[in-house]
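Its first residue numbered 83, the sequence shown is counted upward by one per residue in my numbering.
Ideal Cβ placement from N, Cα and C applies to all residues, glycine included.
Since the structure is predicted, the reported quantities are computational estimates derived from the model, not experimental observations.
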Amino acid sequence: MDKETYTTKLGWFKENERPEALLRVAQDPDLMKIVIAWGSTSPRVRPKLTQLRSECEGDVWEWLWRNTEYSSFSLATRAGVSRYLFEEKLAVLIGNRVLYPDGTVNSFVERYLR
């Protein structure tokens, strides 16, 4: 796998966004804090990508995140939440595809936060 594959796979998720992701964020101030902090994060694609298990949507999404590097400590600090709460809430944001591994945010959520 290479960076071009990573970018292509990520592009598919961005083109197929789900508006219901907004409902999770709108109801939880801690999620909003993390989303806002994510916007100022500069995640990186790992230099050596792992193998993709399958082309199943869920496997591809997990693969993208496994191959993304960022500082969870720095992100939790900027969001102003505890590390424990951060890990719990980050899983919700990733699982609901609110955050993208390239440092961007679901466009429906982004418009809401403006």
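In chain order, what residues of the same chain have a beta carbon less than 7 angstroms from the beta carbon of residue i, not counting five sequence neighbours either side?
i, result
"R160", "A119, S122"
"L104", "F190, V191, Y194"
"I176", "W147"
Figure out for me which residue from the options has the closest Cα to the Cα of residue i.
i, options, result
"R158", "D112, E102, P101", "This sequence places Ala at residue 158; Arg is not what is there. Nearest C-alpha to A158: D112."
"F95", "R106, L146, Q109", "L146"
"D84", "L131, P125, Q109, C138", "L131"
"S124", "R196, S154, N98, L172", "S154"
"N98", "V117, E139, D110", "E139"
What residues match up with residue i in a beta bridge as DSSP calls it?
i, result
"E151", "R126"
"L181", "V187"
How many whole angstroms separate the CB atoms of residue i and residue j, which I take to be in contact at a CB cut-off of 8 angstroms?
i, j, result
"V163", "K115", "6 angstroms"
"N149", "R128", "5 angstroms"
"V174", "R106", "6 angstroms"
"Y187", "V142", "Here residue 187 is Val; the residue named in the question, Tyr, does not match the sequence. So it is not a contact: roughly 19 angstroms between Cβ atoms."
Go through its chain and collect everything with a Cβ distance to residue i's Cβ below 6 angstroms, but skip five positions before and after it.
i, result
"R126", "E151"
"S156", "none"
Touch test, the stretch 159-174 against the stretch 85-101, Cβ-Cβ under 8 angstroms, three pairs minimum: no
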